[in-house]
Structures are given as structure tokens and as C-alpha cells.
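Participant: One structure is given below, represented as C-alpha cells, and several questions about it will come after.
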Amino acid sequence: MIFRCPSCGAESDTAARFCPSCGTVLVGTCPSCGEETKVGAQFCPSCGHRLDRAAPKEEERKLVTVLFADLTGSTALGEQLDP
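Per my numbering, the sequence shown starts with residue 405, numbered consecutively.
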């Protein structure tokens, strides 16, 4: 069976957890029983609980740049001053 991505419209296998074209999450979790559900489903296929029509909450990953500079003794000083 084929599933269509709600974001880009690409077709994917129903077992896919992410869209192969755009990476959108294609699964959610039933708040009642915790079973996996497909995005856009109105009811949980396991327990029949009515699902929220909103897209599932998804984590967001961000690329960050971190600068770490260790001046002589600064790490030890930071450990001493840390409450």
C-alpha cells in the first residue's frame, strides 16, 4: 500500500517512518495507548482513540557552532566558582 506525504506529496511505503523525499515525520503516537499511528489518521488503529488532527509534535534539530577556549587555569577556576 502507498502512503502520500502530507508535506510534499511524495509517495512512500506505509512502513516508512520518514518521507524519502523531504524527511517529514510520517508517524505519530497515540496518546491513549502509545502505539504508532500514521500522520493524518483520525483514529488509532490499535485502540480506536480519536486522534488530534494537528501534525504530531516533532523534535527539532539545529546546527550550532560552539567556541570553547581554555585559558590556563580557567577550567579549574570555573569549577571553583560554579554554585
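Ideal Cβ placement from N, Cα and C applies to all residues, glycine included.
#1: Could you please give the first and the last residue of the uninterrupted alpha helix (DSSP H) stretch that includes residue 432?
#2: To the nearest angstrom, how far is the alpha carbon of residue 472 from that of residue 456?
#3: How big is the Cα-Cα spacing for residue 448 and residue 410?
#4: Shortest alpha-carbon distance to residue 421 belongs to which of 441, 470, 446?
#5: For residue 437, count the other beta carbons within 10 Å of its own beta carbon; 16 or more makes it buried, fewer makes it exposed. Which is it?
#6: Excluding the five sequence neighbours on either side, which residues of its own chain have a C-beta within less than 7 Å of the C-beta of residue 444, listed in chain order?
#7: Taking all protein chains shown into account, do 16 or more other C-beta atoms lie within 10 angstroms of the C-beta of residue 432, making it buried, or fewer, making it exposed?
Facilitator: Working from what's here:
#1: Unbroken run through residue 432 is the beta strand (DSSP E), 431-433; no alpha helix (DSSP H).
#2: Taking the straight line joining both Cα atoms gives about 43 Å.
#3: Cα-Cα distance, rounded: 18 Å.
#4: If we check each option's Cα against that of residue 421, 441 comes out closest.
#5: Answer is exposed; the Cβ neighbour count stays below 16.
#6: The answer, listed in chain order, is 410.
#7: Residue 432 is buried by the Cβ-count criterion.
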